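First to last, the protein sequences are chains H and S. When we follow the working numbering, the leftmost residue of the first sequence carries the number 1, and every step to the right adds one. When we follow the working numbering, the leftmost residue of the second sequence carries the number 1001, and every step to the right adds one. Every residue, glycine too, gets a C-beta built ideally from N, C-alpha and C. Computed from a predicted model, the values in this text were never measured in an experiment. Step one of this worksheet: look at the structure below.
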Amino acid sequence: MQYNTYVLIKAIYEDVKVDPKTLEPSTVGVKFKMEDISRNAVEEAVRIKEKHGGKAIGLMFGNEQQSIIMREALAMGLDEGIIIKGYSMNDPIYTSQVIYEKLREMPWDILIMGYSSADAYTAQLAPRLSSMLNVPLVGNAVKLEFNEKKVVATKSLDEYMVRIESDVPVVISVAQEINTPRIPPLLQIMAASKKPLKIEEAPPSKGTYYKVLEHKAYVSSRKKIIFEDVNKGVEEISKVLKSS
Amino acid sequence: MITEALCYPEYFNLPRSYMMLAVYLSASLSVVFFFWLLEIRLKNDDVSLREFLTLIFKKYKGWASYLSDVLTHRRLLKDRKTGGISHFFMVYALLLSFIGTLLVAFNQYYEIITGSAIFCGYFFESYSFIMDVVMWVLFASSIGGLVAIYMRRYIVPKRDIVFNSFYLLGFAYLAITGALLESFRINSLGISSYYFFNAMIFNFIKMSYPEYLGIYLTHFELAFILIALIPETSVFHSLLSLTNYLKEERSSGELRKPFDLKEIMEKGTFDVQVGINKTSDIKGFDRLELEACMHCYRCQDVCPAYAAGRPLSPTQLITDLKNGINKDKNIWDFIQEDTIWSCTTCGACVEACPVYIRHTDYIVDSRRALVMNMKLDEKKNTLLLSLSSQENALGLPNQERNSWLSEEGIKKASEVNSVENLLWVGCMGSFDPEARDIVKNFVEVLKKAGIQGDYAYLGEEETCCGDPARRLGEESKFQDLALKNIEIFKKYNVKNIITICPHGYNTFKNEYPKIDPWIKSVKVKHYSEVIQELLEKEKIKVKKSEEVLTIHDPCYLSRHNGITEPQRLVLKKVGNVKEPAHSGKDTFCCGAGGSNYWYEVKESEKISHLRFKELKDTGASTVVVLCPFCNAMLNDASTVLSDGKIKIKDIAEVVKDSLT
Chain H
1 MQYNTYVLIK AIYEDVKVDP KTLEPSTVGV KFKMEDISRN AVEEAVRIKE
51 KHGGKAIGLM FGNEQQSIIM REALAMGLDE GIIIKGYSMN DPIYTSQVIY
101 EKLREMPWDI LIMGYSSADA YTAQLAPRLS SMLNVPLVGN AVKLEFNEKK
151 VVATKSLDEY MVRIESDVPV VISVAQEINT PRIPPLLQIM AASKKPLKIE
201 EAPPSKGTYY KVLEHKAYVS SRKKIIFEDV NKGVEEISKV LKSS
Chain S
1001 MITEALCYPE YFNLPRSYMM LAVYLSASLS VVFFFWLLEI RLKNDDVSLR
1051 EFLTLIFKKY KGWASYLSDV LTHRRLLKDR KTGGISHFFM VYALLLSFIG
1101 TLLVAFNQYY EIITGSAIFC GYFFESYSFI MDVVMWVLFA SSIGGLVAIY
1151 MRRYIVPKRD IVFNSFYLLG FAYLAITGAL LESFRINSLG ISSYYFFNAM
1201 IFNFIKMSYP EYLGIYLTHF ELAFILIALI PETSVFHSLL SLTNYLKEER
1251 SSGELRKPFD LKEIMEKGTF DVQVGINKTS DIKGFDRLEL EACMHCYRCQ
1301 DVCPAYAAGR PLSPTQLITD LKNGINKDKN IWDFIQEDTI WSCTTCGACV
1351 EACPVYIRHT DYIVDSRRAL VMNMKLDEKK NTLLLSLSSQ ENALGLPNQE
1401 RNSWLSEEGI KKASEVNSVE NLLWVGCMGS FDPEARDIVK NFVEVLKKAG
1451 IQGDYAYLGE EETCCGDPAR RLGEESKFQD LALKNIEIFK KYNVKNIITI
1501 CPHGYNTFKN EYPKIDPWIK SVKVKHYSEV IQELLEKEKI KVKKSEEVLT
1551 IHDPCYLSRH NGITEPQRLV LKKVGNVKEP AHSGKDTFCC GAGGSNYWYE
1601 VKESEKISHL RFKELKDTGA STVVVLCPFC NAMLNDASTV LSDGKIKIKD
1651 IAEVVKDSLT
């Protein structure tokens, strides 16, 4: 059976500079990159398509400037990309609403995404969408096997590996261990500009439930002790550790 | 001398005009068949006879150096000397036989025109002596060739074994029959002289005239048949080695450029075929290049990856590609990916190959296919991600990159209008603590000479030179980085680039000109050359110690770019230099080149360990390196194998410590 797979992709900042005085992050001139586990989700979506046929479509709630990220995902093997404009801050309630509005318009079989994004770590999107779309949730999967209208997923828990079966359509969140994502060369990313990429407007937010009160880097004070004699290093370090 | 009157007894009682007709008809047929078979053979590889001949004659300027290589047998006599000597004798025996034939022909026309022969007397007798010797040489080397075929029986395709064996037996037959025919003629004339010693040896064979005639006809007909058959046999390697030699004008450090990224971006034609996935992706003269391989194993003998037990034998790889060339096979059905990743692109195989095959071209092209197919493991992917995200090989943020250099009196490029000497610090020099020490020591040397103010650095604007991307097979990223870097060099009107790393040196010098010819106006120097110049101009002085030093020449400096002298001139002034088994252009890789520093391949012994043992065997207490990658690799090897007792020092450190 062929599947229509949608994969959620998030763009996050590459590396945020920290102002040493205020300890606040500065994103001026900082590039975007594909969020780490989104990359695994894209890889899995492409693998499903390669194995079973069907279509793999990227869905991103972000902005136009992040289209290079979607192009990278298209270069990895997605067939189409959709960017929904209007992302301003991390708000899983609004994001899930935007994705829900989009997906309810069209037929799909699998909605796949990273378990949690590497910038906000809320891990809310999959359960919220599962509930809103009224389909089963397979969370934190490390292995997926599809057979007709069923999927068998392996989940990694602290001490156990659990295999669960679910019906398709299904919402799946994946863990980073699920695969090693392919990295497209620049030429493939450029070539992906020929693949269909739609940019759409997001429906208006129904209200903000979150407010960022403070955003600061950790204060890290270093002892700045330098040991010149490498042979005595272990001894000296253990002394310092014991005394602190 | 026997008698003044003795001349070459041409045709020996046979009617000259009929014989001439027979010989020239056969010769003409032989030439016609030669070109016919040549055309068929070339067509098989999508090369027309015209293209083939055009290449040979258009690039006539390369003939002299090619011939000097072939006539001296430089590459063949370097390793595997028994085979090399046998080949040497074979080539010279054939050459002298050919000259003998030309002399006979010339003599014939001369006699027809003037009525008197010139291949007479002392001239004839001495060349007859030479030909008598040549006969034995040709016979022995043909047998040697058969032995070589037998020894290579597991790698040489069966068809080639049969064909080449018959061919060599043909040579042996020509040698023996040539001697028999000459002996018959000389003995019939009743001459007994050491000039014709074969006649004395074969005097016991009593041949009738019809027998002589029979042998005579088979002798020259076979010779013509063998000439006609050249394109269909492995002897064709003699011609292919010429086209291989002439077709590439790239230095060994320069890789092929499969596409032009700038052009692709302008035209929007991204759908280009890159790399080798199928044997049919190898085209034209590249197919002929592979077909020149005679399985001599010289490339395998010098390959560090093979020596380390990695799954790469350059001989086997080229043979596999060669055997698959007419079958349109998927190369990944018969070549392991790790075979392709085992190569450090050190170029030892290319330098050793007597028929000028560039193994690394095929290896990097295969890598390019794997990159396009996105079939890399995690470590290689990490390198690609580092290069795309931070544009440096270590994937570290470029903020404040090398800002410490300002405190040392090196100017930041963005603070000056024009840069005379750009100090290209490189990814390792910028981010690796040990490599940073190399830069620090070099700066100390510059400060001692009082010229640190003449240098500038790029800081945050410095990215990767592109070497790791290109050698990993990510050509588009390499060209992207090169284009950006060239724009920066233009912006600052850079006149000289001084690199710490030989990889940057090589890529700026040999590869950037194909990206933008503007860079040819920029002089690229390795810092060892700068140190040598400073010493020569007495801008710095060093004291000599009794310390025994050995030099590890980096492949990308010494083999690919021939820089072997500056480091020796410098080090001889500071200590006693002892050369390792492999040095200068014949250096042995440290194991890091060809992006190998960034990933791992299964091996029975590390390449760096093999090299370190060689260096240690010199008895030197210090190994001097000239590359941040060699430095890292050999430092690890020294820690493991000598508990760090053998010191690995960079040339800048050695010089800085010896400054007076």
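If we ignore side chains and look at the alpha-carbon of each, how far apart do residue i and residue j end up?
{"i": "residue 1586 (chain S)", "j": "residue 1252 (chain S)", "result": "13 Å"}
{"i": "residue 177 (chain H)", "j": "residue 1363 (chain S)", "result": "31 Å"}
{"i": "residue 1247 (chain S)", "j": "residue 1515 (chain S)", "result": "20 Å"}
{"i": "residue 1624 (chain S)", "j": "residue 1582 (chain S)", "result": "14 Å"}
{"i": "residue 1325 (chain S)", "j": "residue 1146 (chain S)", "result": "26 Å"}
{"i": "residue 1046 (chain S)", "j": "residue 1157 (chain S)", "result": "22 Å"}
{"i": "residue 1003 (chain S)", "j": "residue 1125 (chain S)", "result": "With a pLDDT of 48 at residue 1003 (chain S), under the threshold of 50, the modelled position of this residue cannot be trusted, and the question is left open."}
{"i": "residue 1240 (chain S)", "j": "residue 1043 (chain S)", "result": "14 Å"}
{"i": "residue 1001 (chain S)", "j": "residue 1210 (chain S)", "result": "Reliability of the predicted coordinates at residue 1001 (chain S) is poor, the pLDDT of 45 falling under 50, and the value obtained from them is presented with this limitation in mind. Near 30 Å, if we compare the C-alpha coordinates of residue 1210 (chain S) and residue 1001 (chain S)."}
{"i": "residue 1544 (chain S)", "j": "residue 1655 (chain S)", "result": "10 Å"}
{"i": "residue 1415 (chain S)", "j": "residue 1456 (chain S)", "result": "9 Å"}
{"i": "residue 1649 (chain S)", "j": "residue 1590 (chain S)", "result": "14 Å"}
{"i": "residue 1405 (chain S)", "j": "residue 1411 (chain S)", "result": "7 Å"}
{"i": "residue 1539 (chain S)", "j": "residue 1497 (chain S)", "result": "20 Å"}
Going by C-alpha distance, which of the options is nearest residue i?
{"i": "residue 1221 (chain S)", "options": "S:1178, S:1356, S:1630", "result": "S:1178"}
{"i": "residue 1267 (chain S)", "options": "H:190, H:200, H:59", "result": "H:190"}
{"i": "residue 1285 (chain S)", "options": "S:1051, S:1033, S:1630, S:1555", "result": "S:1051"}
{"i": "residue 143 (chain H)", "options": "H:126, H:133, H:163, H:158", "result": "H:163"}
{"i": "residue 1519 (chain S)", "options": "S:1500, S:1486, S:1544", "result": "S:1486"}
{"i": "residue 1263 (chain S)", "options": "S:1240, S:1476, S:1408", "result": "S:1476"}
{"i": "residue 1279 (chain S)", "options": "S:1260, S:1254, S:1309, S:1320", "result": "S:1320"}
{"i": "residue 4 (chain H)", "options": "H:61, H:35, H:148, H:132", "result": "H:148"}
{"i": "residue 1370 (chain S)", "options": "S:1348, S:1388, S:1351, S:1336", "result": "S:1336"}
{"i": "residue 1373 (chain S)", "options": "S:1622, S:1017, S:1277", "result": "S:1277"}
{"i": "residue 1175 (chain S)", "options": "S:1137, S:1620, S:1397", "result": "S:1137"}
{"i": "residue 1181 (chain S)", "options": "S:1162, S:1216, S:1206", "result": "S:1216"}
Would you mind telling me which residues of chain H sit closer than 9 Å to residue i, beta carbon to beta carbon, in chain order?
{"i": "residue 1477 (chain S)", "result": "185, 186, 187"}
{"i": "residue 1265 (chain S)", "result": "190"}
{"i": "residue 1385 (chain S)", "result": "33, 183"}
Give the residues of chain S in contact with residue i, contact being defined as C-beta atoms less than 8 Å apart.
{"i": "residue 191 (chain H)", "result": "1270, 1271"}
{"i": "residue 180 (chain H)", "result": "1377, 1378, 1381"}
Please list the partners that residue i has in chain S, where partner means a Cβ-to-Cβ separation under 7 Å.
{"i": "residue 15 (chain H)", "result": "1397"}
Who are residue i's beta bridge partners in DSSP?
{"i": "residue 6 (chain H)", "result": "H:57, H:111"}
{"i": "residue 1598 (chain S)", "result": "Beta-bridge pairing links residue 1598 (chain S) to no other residue."}
{"i": "residue 1158 (chain S)", "result": "Answer is none; residue 1158 (chain S) lacks a bridge partner."}
{"i": "residue 1526 (chain S)", "result": "S:1499"}
{"i": "residue 1611 (chain S)", "result": "According to DSSP, which records beta bridges pairwise, residue 1611 (chain S) is partnered with nothing at all."}
{"i": "residue 1649 (chain S)", "result": "S:1624"}
{"i": "residue 1007 (chain S)", "result": "S:1120"}
{"i": "residue 62 (chain H)", "result": "H:85"}
Give the residues of chain S in contact with residue i, contact being defined as C-beta atoms less than 9 Å apart.
{"i": "residue 242 (chain H)", "result": "Chain S residues near residue 242 (chain H): none, gap ~27 Å exceeds 9 Å."}
{"i": "residue 194 (chain H)", "result": "1268, 1270, 1271"}
Which chain H residues are close to residue i, counting only those with a beta carbon under 7 Å from its beta carbon?
{"i": "residue 1661 (chain S)", "result": "Residue 1661 (chain S) lies beyond the range of chain S shown here (1001 to 1660); nothing can be said about it."}
{"i": "residue 1371 (chain S)", "result": "185"}
Quick one: which chain H residues come within Cβ less than 8 Å of residue i?
{"i": "residue 1579 (chain S)", "result": "The contacting residues do not exist; residue 1579 (chain S) stays about 31 Å from chain H at best."}
{"i": "residue 1480 (chain S)", "result": "186"}
{"i": "residue 1474 (chain S)", "result": "185, 186"}
Query raised in the report: Is the region 91-107 of chain H touching the region 65-79 of chain H in the sense that three or more CB pairs, one from each, lie closer than 8 Å?
Result: no
Query raised in the report: With a cut-off of 8 Å, do at least 3 Cβ pairs link the region 1281-1299 of chain S to the region 1350-1368 of chain S?
Result: yes
Query raised in the report: Does the region 1164-1179 of chain S touch the region 1230-1245 of chain S, meaning 3 or more C-beta pairs lie closer than 8 Å?
Result: yes
Query raised in the report: Taking one C-beta from the region 158-173 of chain H and one from the region 49-56 of chain H each time, how about it: are there three or more such pairs within less than 8 Å?
Result: no
**Report entry** Segment contact, 8 Å Cβ cut-off, at least three pairs: the region 1543-1554 of chain S with the region 1594-1608 of chain S
**Finding:** no
Query raised in the report: Do the region 1004-1021 of chain S and the region 1111-1127 of chain S make contact, defined as three or more Cβ pairs closer than 8 Å?
Result: yes
Query - Given 8 Å, three or more beta-carbon pairs between the region 1569-1576 of chain S and the region 1430-1446 of chain S - result: no
Query raised in the report: Are the region 230-238 of chain H and the region 1182-1193 of chain S in contact at 8 Å, needing three or more beta carbon pairs?
Result: no
Report task. Pair every Cβ in the region 152-160 of chain H with every Cβ in the region 32-47 of chain H, then say whether three or more of these pairs are closer than 8 Å. Result -> no
**Report entry** Cβ contact (3+ pairs, closer than 8 Å) linking the region 1417-1428 of chain S and the region 1483-1498 of chain S
**Finding:** yes
Report task. Determine, using beta-carbon pairs with one atom in the region 198-215 of chain H and one in the region 1499-1517 of chain S, whether at least three such pairs fall under 8 Å. Result -> no
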